[in-house]
Amino acid sequence: MTSSSIIVACFHGVTHKLRFTASQLSRCLLLSILVLQISGASPLSAERRAQMTRKEADGSLLETGNYSKRRSTTAPVEIKIISYNIRYRGGDELRELIQMLRTSPELGGASIIGLQEVDRDRKRSGGENTARVIAEGLGMNYAWAAPPRTRDEQVEDETGVALFSAYPLTDVERIVLPVAGPGGRRRVALGASLLINNTKIRVYTVHAETRITVEQKLEQQRRVLQSLASRQDVKHVVVLGDLNTIEPKTISATTRLFTDAGFTTPFPEDRPTWKTFVLELKLDWIWLRGFKETRGSGIVNSVNFSDHWPLWVTVKL
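The structure is reproduced here in structure tokens:
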């Protein structure tokens, strides 16, 4: 008898309004769960093994994986950090992106990478698990998170954000940002901690909403900063990502919010990170707190995988 036949037989009486005692119904439910678990115990593909750490229910939109071969937390005194909204790359472009992150003079060899608009299992990006493919290609650990699905019938996952590191990621947190955008869509941030040279670093990658007010955008940024309140032991913090600071007022207010919280950035307010036709805007940021000094930084506007440009910074621990 197949597993589906067992379940159908078990619930046949319920659907046809036959009499079931509470005890019988409980046994029926337990049997069905057991059968499903047993029938699903077939060998797992590499894709499914990488997805085993997905927490179910809404937590299925948080995923982690480990592809780094590094066994030591010792590193050079300088580390490179990257932020890039990749605009859901897939196929050959995704492989080219991975190669760039490995070998580019400006972007290669980063210890921490934060990406936005990272798809999982979506048609537009070839149905690939983008974060896993990047992590495997770079030999890094990763975490990926997406916002809640906006409709019960939604099959594909939303695009999300991801963190990559050569060092183990711990205390991984998916943050659903307050204030919904058009159609009730939500955005997320993703936080994680890592240890380098006995220095604990907290990193957040953020993809803020576009079509909300300036104050609502600040509310989303404050939610990320609130995550630090319960982590007073962390002195080194990085907040990076696409904050969608379209309006000049949002740029100045964002600068004020982060500087008041003790952060600095090597990127001036008037340096654009996004372009379309003749319009250029400052949307992407890397905010730093607790690092000794910045050794170098840049916006690589020769990279054309996305409508955004990647940002990088090298800091001394």
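Counting from -2, one number per residue, gives the positions in the sequence shown under the working numbering.
Ideal Cβ positions, reconstructed from N, Cα and C, are used throughout, including at glycine.
If you're wondering where the values come from, they're calculated on a predicted model, not measured in any experiment.
When we look at the beta-carbon of residue i and count the other beta-carbons within 10 Å, is it buried (16 or more) or exposed?
{"i": "PRO245", "result": "exposed"}
{"i": "ILE87", "result": "In the sequence on display, residue 87 carries Gly and not Ile. Buried, since its Cβ has 16 or more Cβ neighbours within 10 Å."}
{"i": "ARG121", "result": "exposed"}
{"i": "ALA359", "result": "Lying before the first or after the last residue shown, residue 359 is absent from the chain, which here runs from -2 to 314."}
{"i": "SER294", "result": "buried"}
{"i": "LYS66", "result": "exposed"}
{"i": "ALA205", "result": "buried"}
{"i": "LEU192", "result": "exposed"}
{"i": "LYS214", "result": "buried"}
{"i": "GLN217", "result": "buried"}
{"i": "GLU162", "result": "Checking the displayed sequence, the identity of residue 162 turns out to be Ser instead of Glu. SER162 comes out buried."}
{"i": "SER69", "result": "exposed"}
{"i": "LEU276", "result": "exposed"}
{"i": "VAL74", "result": "exposed"}
{"i": "PRO307", "result": "buried"}
{"i": "LEU41", "result": "With a pLDDT of only 36 at LEU41, under the threshold of 50, the placement of this residue in the model should not be trusted, and no figure is reported."}
{"i": "GLU155", "result": "buried"}
{"i": "SER108", "result": "buried"}
{"i": "LEU247", "result": "Strictly speaking, residue 247 in this sequence is Thr, with Leu absent from that position. It counts as buried."}
{"i": "ARG184", "result": "buried"}
Tell me, to the nearest whole angstrom, how far the beta carbon of residue i is from that of residue j; I am working on the premise that it is less than 8 Å.
{"i": "THR311", "j": "LYS77", "result": "5 Å"}
{"i": "GLY62", "j": "TYR164", "result": "Contact doesn't hold; Cβ gap of about 14 Å is too wide."}
{"i": "LEU187", "j": "ALA142", "result": "4 Å"}
{"i": "VAL115", "j": "GLY157", "result": "5 Å"}
{"i": "VAL235", "j": "VAL200", "result": "5 Å"}
{"i": "ILE172", "j": "VAL221", "result": "6 Å"}
{"i": "PRO265", "j": "LEU278", "result": "Wrong, their Cβ atoms sit about 14 Å apart, outside the cutoff."}
Considering only the alpha carbon of each residue, which of the options lies closest to residue i?
{"i": "SER190", "options": "VAL169, TRP306 and VAL176", "result": "VAL169"}
{"i": "PRO144", "options": "PRO175, SER227 and VAL236", "result": "PRO175"}
{"i": "ASP281", "options": "LEU314, PRO265, ASN241 and LYS272", "result": "ASN241"}
{"i": "LEU112", "options": "VAL221, GLN213, VAL185 and LEU160", "result": "LEU160"}
{"i": "ASP239", "options": "SER227, TRP284, ASP118 and HIS233", "result": "TRP284"}
{"i": "THR147", "options": "LEU215, LEU91, LEU58 and GLY134", "result": "LEU58"}
{"i": "TYR64", "options": "ASP230, SER162, GLU133 and THR291", "result": "GLU133"}
{"i": "GLN229", "options": "LYS197, THR247 and LEU237", "result": "LYS197"}
{"i": "GLU60", "options": "ILE209, ASP118, THR71 and VAL74", "result": "ASP118"}
{"i": "THR71", "options": "LEU166, GLY124 and ASN195", "result": "ASN195"}
{"i": "ASN126", "options": "GLN96, LEU91 and SER108", "result": "LEU91"}
{"i": "ARG219", "options": "PHE288, PRO179, ASP257 and ILE131", "result": "ASP257"}
{"i": "GLY287", "options": "ILE131, LYS272 and GLY259", "result": "GLY259"}
{"i": "LYS289", "options": "GLY136, TRP309, ALA177 and LEU314", "result": "LEU314"}
{"i": "LEU274", "options": "VAL297, HIS305 and ILE248", "result": "The displayed chain sequence assigns Phe, not Leu, to residue 274. Considering only alpha carbons, the answer is HIS305."}
{"i": "TRP309", "options": "ASP89, LEU237, LYS272 and SER249", "result": "LEU237"}
{"i": "ARG208", "options": "ALA177, SER227 and LEU225", "result": "ALA177"}
{"i": "GLU93", "options": "VAL130, ILE110 and GLY124", "result": "VAL130"}
{"i": "GLU212", "options": "ILE243, SER227, ARG292 and ASP89", "result": "ILE243"}
{"i": "THR291", "options": "LYS272, ASP267 and PRO263", "result": "PRO263"}
{"i": "PRO179", "options": "SER227, MET137 and THR210", "result": "THR210"}
{"i": "LEU135", "options": "ASP89, ILE95 and HIS233", "result": "ILE95"}
{"i": "ILE110", "options": "MET137, ILE296 and GLN223", "result": "MET137"}
So, does the region 96 to 115 touch the region 66 to 84, judging by three or more C-beta pairs under 8 Å?
These segments touch.
Taking contact to mean at least 3 C-beta pairs separated by less than 8 Å, is the region 251 to 261 in contact with the region 293 to 312?
Taking a cut-off of 8 Å for Cβ pairs, the region 251 to 261 and the region 293 to 312 do not touch, as fewer than three such pairs fall below it.
Start-end ranges of the beta strand (DSSP E) lying completely within the region 195 to 246, minimum 3 residues
Within the region 195 to 246, the complete beta strand (DSSP E) segments of 3 residues or longer fall at 196 to 204 and 233 to 239, listed in chain order.
Which parts of the region 73 to 148 are runs of the beta strand (DSSP E), unbroken and 3 residues or longer, counting only runs that do not cross its ends?
Listed in chain order, they are 75 to 82, 109 to 115 and 138 to 142.
Enumerated in chain order, which unbroken segments of the alpha helix (DSSP H) with a length of 4 residues or greater are wholly contained in the region 249 to 304?
Complete alpha helix (DSSP H) runs here, min 4: none at all.
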